[in-house]
Structures are given as C-alpha cells and as structure tokens.
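Worksheet for the structure shown next.
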Amino acid sequence: MAVHEYKCPCCGGAIAFDSTIQKMKCPFCDTEFDVESLKGYDADLKSEGTDNLEWDTDAGTQWTEDEETGLRSYICQSCGGEIVGDANTAATECPYCGNHAIIMQQFKGELKPDYVIPFKLDKEAAKAQYKQHLNKFLLPKVFKDENHIDEIKGIYVPFWLFDSDADADIRYRATRTRIWSDSSYDYTETSFYSIYRAGSLGYEHVPVDGSSRMPDDLMESVEPYDFSQAVDFQTAYLSGYFADKYDVDAEASIGRANERVKASTEDAFRDTVNGYVTVNTEAANVRLHNGKTKYAFYPVWLLNTTYNGEKYIFAMNGQTGKFVGNLPTDTGKFWKFTALITAVVGALIYGGMWLFQIL
Amino acid sequence: MIKRITAFIFAVMMVLSLTVVAASAEGSYTVKLDDSADLLSDSEESSLLSTMQDLSDACKCNVVFITTNDLTGANFSFNGTADDYAFRYYETTCGVNVDGLLVYVTLKDEGGKRKVGVFGTGKCEKRLTNEESDNIRSNAISNHNPDTHSYYDFLNSIALGLKEAVPPHLKWYMLPIALGIGFLIAMLIMGSMKKKLTTVEMQHGAANYVRPGSMNVTQSRDTYLYSTVTRTAKPKNDSGGSHSSSGGGSYSGGSSNF
Chain A
0 MAVHEYKCPC
10 CGGAIAFDST
20 IQKMKCPFCD
30 TEFDVESLKG
40 YDADLKSEGT
50 DNLEWDTDAG
60 TQWTEDEETG
70 LRSYICQSCG
80 GEIVGDANTA
90 ATECPYCGNH
100 AIIMQQFKGE
110 LKPDYVIPFK
120 LDKEAAKAQY
130 KQHLNKFLLP
140 KVFKDENHID
150 EIKGIYVPFW
160 LFDSDADADI
170 RYRATRTRIW
180 SDSSYDYTET
190 SFYSIYRAGS
200 LGYEHVPVDG
210 SSRMPDDLME
220 SVEPYDFSQA
230 VDFQTAYLSG
240 YFADKYDVDA
250 EASIGRANER
260 VKASTEDAFR
270 DTVNGYVTVN
280 TEAANVRLHN
290 GKTKYAFYPV
300 WLLNTTYNGE
310 KYIFAMNGQT
320 GKFVGNLPTD
330 TGKFWKFTAL
340 ITAVVGALIY
350 GGMWLFQIL
Chain B
0 MIKRITAFIF
10 AVMMVLSLTV
20 VAASAEGSYT
30 VKLDDSADLL
40 SDSEESSLLS
50 TMQDLSDACK
60 CNVVFITTND
70 LTGANFSFNG
80 TADDYAFRYY
90 ETTCGVNVDG
100 LLVYVTLKDE
110 GGKRKVGVFG
120 TGKCEKRLTN
130 EESDNIRSNA
140 ISNHNPDTHS
150 YYDFLNSIAL
160 GLKEAVPPHL
170 KWYMLPIALG
180 IGFLIAMLIM
190 GSMKKKLTTV
200 EMQHGAANYV
210 RPGSMNVTQS
220 RDTYLYSTVT
230 RTAKPKNDSG
240 GSHSSSGGGS
250 YSGGSSNF
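Quick note, the sequences are listed as chains A and B, same order.
Read in numbering that gives the first Met the number 0, the first sequence has 246 at position 247, and its numbers run on one by one without any break.
Read in numbering that gives the first Met the number 0, the second sequence has 154 at position 155, and its numbers run on one by one without any break.
Spelled out as structure tokens, the structure:
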C-alpha cells in the first residue's frame, strides 16, 4: 500500500507539522514551509498514483483470517522497514527510523475528510496540562509522585459533523403557588397551567466520534471544538501525528447526534418557560430537517499511564487544551478527612447549641 | 488544606470563647425575696435566699420570690389578677422583659384562693417551658404542700426544681444530631472533591453547537387550568411566651391554685 512522507526539499529529511508555528518544519535543517505552499506538492504526490509494493512472503506462519482482515503492513519509503498497522491506520510513524508516514489509501474517494482542525498545542503543552490535572487533593500521593506517562500521542480523531435545523413543539405542565395565613391556618393555593411552545433552532457541526477505538465519553469530554479554525483537509497536517480513518460510519453516528440535538432543543425551549415553581415536560416532539453531514479530523493528545495494574487514559483537546481523564481516589484520605470534618463541624454545631442556650 | 482547616477551627474557637466570656461577664443580677405574707422565719428566709442566689448564678438571671396575703396595697398598676400582680412587681423591680425567674405565692388571689405561680421572662422565657413550670408546681403541691410541710419546703422545692430545669442544658440526642449534620456537611465537601477526580462523561446535549441567532419561538401559550387550596392548622405554641403582662412583658410558665 502507498505510504506518504513529506521530505524536506533542502536536505531530504522527513518534515512534520509544527503546531507552535502552524507551519511544516524540518527538524534537521530547521527550514519552515507554509502549509498552503505544499498544496501543489501534495497534488503532485497524488498525481503520481499509488505504488503497489505489497510483499508476498512465504516465510513465517500464515496470517489468520482475523489478522488478515484486521492488519495492514506498509513499507517505509525512507528506510524500507515494514510498518504494521490496523485497517484504520491513516497516519503513523516508522518504528525503525521514526519518519512520519501517511497512508494515502485511507483518504481516497469518500474517505477523504472535508475538514481538519490543525493541532494548536504541542506535546509539551499536553505534559504541562497533565501535571496540572494531577493537582487534586484526593489523588493518591503515590500516583502523583510517580507521575510517569507510559505513552503520549497526538492523534487526529475522525469525527462526523452534523448540521441540522430542529423544529420543536413541546407541552409542559407547570404550577404556581400562593401562600397566606390567618390566625388559625396556613393556606397554599397551587395553580396548574398547560404551557405550549413551538419554534425552531439550528445546529452546526455537532461532532460525533467516528472511531470505535476512541472511548465515546472521553472524546465528548474534550469538547467543544472551535470549528471557525477548521481548514480544508490536507494530508500535510497529519505529518508528525497519528491518525485513524473512521470505522463507525455517518449512518451509525446519527443516533447520538439526534440524542444531543433533541436534549438541547428541549432545554432551549424549557428556558423560555419562566415564572413557575415547577415545570415538567408532558410531551416533546422534535423534527430535524436540512440535515448535512461532514467528515473531519479533530486533534487530540492521548496519554496513558498505569497505576495498581489499572490503565488510565487521559485526553487533551489539541486545539483548546481542555484536559480530561478520570483519576483514582485515595480512599483512606477520603474517610480520614470525612471523619475530621464531621468531628469539627459536629463540635461547632454542638457548641453553637450551647451558645444559643447561654445567650 | 490541613493548615487551612486548623486555622478555621482556631478562629471559630476564638470567637466562641470570646462570646462565652462576654456572656459570662455580664453584670450582677437581682436576687429578691419579698415575704410580705410573713410565711418564712428569718433563718428560712436566709436559707432560701442562699438557694435563690445559687439559682441566679446557675441561670445568669434575676430571681424574684414574692409572698403576699392578697393583691391589695400594690404601689403599681395591674389588671387585678394575681399573675399580673406578680408580673408588674417583677417589672417594677427589674424591668420589662429583663432575664429572670419569678415565683409568687398569694394566700388570696382574685378569686380568694391560694395560688402559686412560676414564670420565666427574657431569655428564661424560652428556657422555662410551660410544661416544666407545671411539673415544678405539681411536684411542690404534691410533695411539699405547706399544709403538711412548710412554706419554706414548698418554696425551696420550687427553687430547686427551677435550678434543675432552667440552666443551659442540652438533651442527650443533640450530640448525635450535631454529628449527623457534621457528617452530611463532610460528605458534601468530600463528595465535591471526589467529583473533581471524574472529568470523563458524555455530553448532555449540543448547546455549544447552536447556530447563533437561530432560536425562533413561533408559538407560546400559557393556559391556566385549575387551582387547589390546601389548609394546614397552625401549631399551637404551648412551650412558652403565652402570657403577657399589662406592662408589656412576656412570660412563660403558669400558675395554679392549691
């Protein structure tokens, strides 16, 4: 299969996208190139067609059927080493020479993303955010002190972006109360209302993770992304990072997009119902139209670490720096401080009761 | 964190200590025994005054005991009842709603009957409940009745009963309640800290992706359907503050003939 690497026109070294200067940069001779100026170069590369460099070896054992369908091997154009990836690998690096390789077949035809949000933050920023993320009171001290990261990778994650207009008609049951008293009784009057709201609301670029390998909750946790900084997709942006093509198609992602749009539409119309003590939704109908779908690559830094035999995955939005990842709890510390606060607050309240008696 | 908690506890303890010191350093209190009915001997008066002084020290309030033959000869105005006679006597002596305990025995009340009253005012109004006053009077009438004992025994038992009931005290279950509230607050604080360790969750909606200015409400109706009215009887306040004097004072407690 065809593997693409960007070579420095000056020294021939492998060049990569530098998120700090938002340009391609050669790490060997420090020459910088505008991404735009590489458009022609990229087009030339595509016009070259794809090489058929698949090897057919008789040595070794045969791939099993599962392996054959799940694995792909590519040849590094710099050193000739074999890069083994899975069926979705779109950009990776050669394990032998470290050159950045882009698998061009993963962007053919409908597989080509419409947009990409380039990385704005580099690996150092991800490490700094990770360190800050560990600054939590209940985090086990050992976890904080060891503070080692098994792996840190910049990945372009495939997302489906959904644009849609939502028409809604929603009925609520609401109450108002009025309270008054006379010398003998307290009175509460509860008035019931039927509330009806109808209208429309537009959504654009609602993202749904298109990779089954990325945990959905992790990917939604690093949101939001600022789509105004998205650019037309070019393979040059992938250089220096990892990327997967989608393996969950748009059709399969629609359900999640619908859930999110429906929830937000109901919330938005609920906010127009004011002046009531209670408001409960009785019926909600949301109809979507003018739906459009786009395919985009969004930047994510992924960090892995292991603690007590358990794997912890952290993610940072490569555009905004939002850092997420669940951390373990120091259970002993939790109960120790719960007991301490209980004793202190209990003593203060008991003292207050005495004070109330004395004064 | 520990330093902050320690500093907070220290600050609160200081405030509490200063408040308690200030409270305990309040001025001296009136202890008065007016035995106009001459029901006590000099030695009994002296002994009862000693008990009353102890009561005043324990309760940090004025203590006034009055005995009268009847309701005549007052140098203050009152509404003609024995209770108001005692209230106005106290108010003339110590002031209106000034912290204090008031006990009176009259041999002839407005109905010509012998009567005893035990009252609290000021901060003693909430400390002495009507029920406690009833119990103290019942105990004195049943077990120290002047017909079989002496007025000294009678009044002394009332003073001792007041000394047991009125000084600041907390019921045994207040400590578990205080610790229970403390535990709830601790769980709120520690729960919020624990929640900070969990940052991975699915998004609720897509509010970040609403097209600006696209919200358009085309129909909006609020229709009134019906109303219901519920009525709840107010709780009867029988724990104190149920008596008013003609001088504007407020008292807990009560009186009874015997």
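In this text, a Cβ means the ideal position worked out from N, Cα and C, and glycines have one as well.
Treat the numbers as computed from the prediction; the structure is a model and nothing was measured.
Query: In DSSP terms, what A/SER190 is bridged to; Result: A/ARG175, B/SER226
Query: From B/VAL97, B/ASN74, B/GLY179, B/ALA36, residue whose alpha carbon lies closest to that of B/SER249; Result: B/VAL97
Query: Of the listed residues A/PHE268, A/ALA127, A/THR330, A/ALA338, nearest to B/VAL209 (C-alpha basis); Result: A/PHE268
Query: Under 7 angstroms (Cβ pairs) to chain B, residues found in the stretch 318–336 of chain A; Result: VAL323, GLY324, ASN325, LEU326, THR328, PHE333, PHE336
Query: Closer than 9 angstroms to chain A by CB, B/ASP56; Result: no
Query: Runs of beta strand (DSSP E) lying entirely within the stretch 112–199 of chain B, each at least 3 residues, in chain order; Result: 114–120
Query: Short CB-CB distance (under 9 angstroms) between B/ARG136 and chain A; Result: no
Query: Test item: CB-CB of A/ALA295 and A/ASP162 under 9 angstroms; Result: no
Query: Continuous alpha helix (DSSP H) stretch holding A/GLY254: start and end; Result: 249–269
Query: Nearest candidate by alpha-carbon position, reference B/HIS203, set A/LEU200, A/ALA262, A/PHE32, A/THR91; Result: A/ALA262
Query: Beta-carbon separation (whole angstroms), B/ALA123 vs B/GLY94, contact threshold 8 angstroms; Result: What sits at residue 123 of chain B in the sequence shown is Cys, not Ala. That belief does not hold up - the Cβ atoms of B/CYS123 and B/GLY94 are roughly 13 angstroms apart, past 8 angstroms.
Query: Rounded C-alpha distance that separates A/PHE32 from A/THR271; Result: 51 angstroms
Query: Any chain B beta carbon closer than 9 angstroms to A/ASP144; Result: no
Query: Host beta strand (DSSP E) of B/GLY253 (start-end); Result: 249–256
Query: Short CB-CB distance (under 9 angstroms) between A/ALA267 and chain B; Result: yes
Query: is_contact[A/GLN228, chain B] using C-beta, thresh 9 angstroms; Result: no
Query: Alpha-carbon spacing of B/ARG230 relative to A/SER211, whole angstroms; Result: 59 angstroms
Query: Inter-residue Cα distance where the pair is A/LEU120 and A/LEU339; Result: 42 angstroms
Query: CB contact flag (A/ARG259, A/VAL205, <9 angstroms); Result: yes
Query: Cβ neighbours of A/SER199 in the same chain (closer than 8 angstroms, five flanking residues each side left out); Result: ASP164, ALA165, ASP166, ALA167
Query: Closer than 9 angstroms to chain A by CB, B/LYS162; Result: no
Query: Residues bridged to A/TRP159 [DSSP beta-bridge criterion]; Result: A/VAL207, A/TYR294
Query: CB contact flag (B/SER244, B/PHE64, <9 angstroms); Result: no
Query: Nonlocal neighbours in the same chain, by C-beta distance under 6 angstroms from B/VAL30, ignoring five residues either side; Result: MET51, GLN52, SER55, VAL62
Query: Cutoff 9 angstroms: B/LEU100 Cβ touching any chain A Cβ; Result: no
Query: Residue interval of the alpha helix (DSSP H) (run including A/VAL344); Result: 330–357
Query: Cβ separation of A/HIS132 and A/ALA15, assumed to be a contact under 8 angstroms, to the nearest whole Å; Result: That belief does not hold up - the Cβ atoms of A/HIS132 and A/ALA15 are roughly 26 angstroms apart, past 8 angstroms.
Query: Contact residues within the stretch 279–294 of chain A, judged by C-beta distance below 9 angstroms to chain B; Result: none
Query: A/TRP300 and A/LYS143 closer than 9 angstroms at C-beta; Result: no
Query: Distance, A/ASN316 Cα to A/THR234 Cα; Result: 20 angstroms
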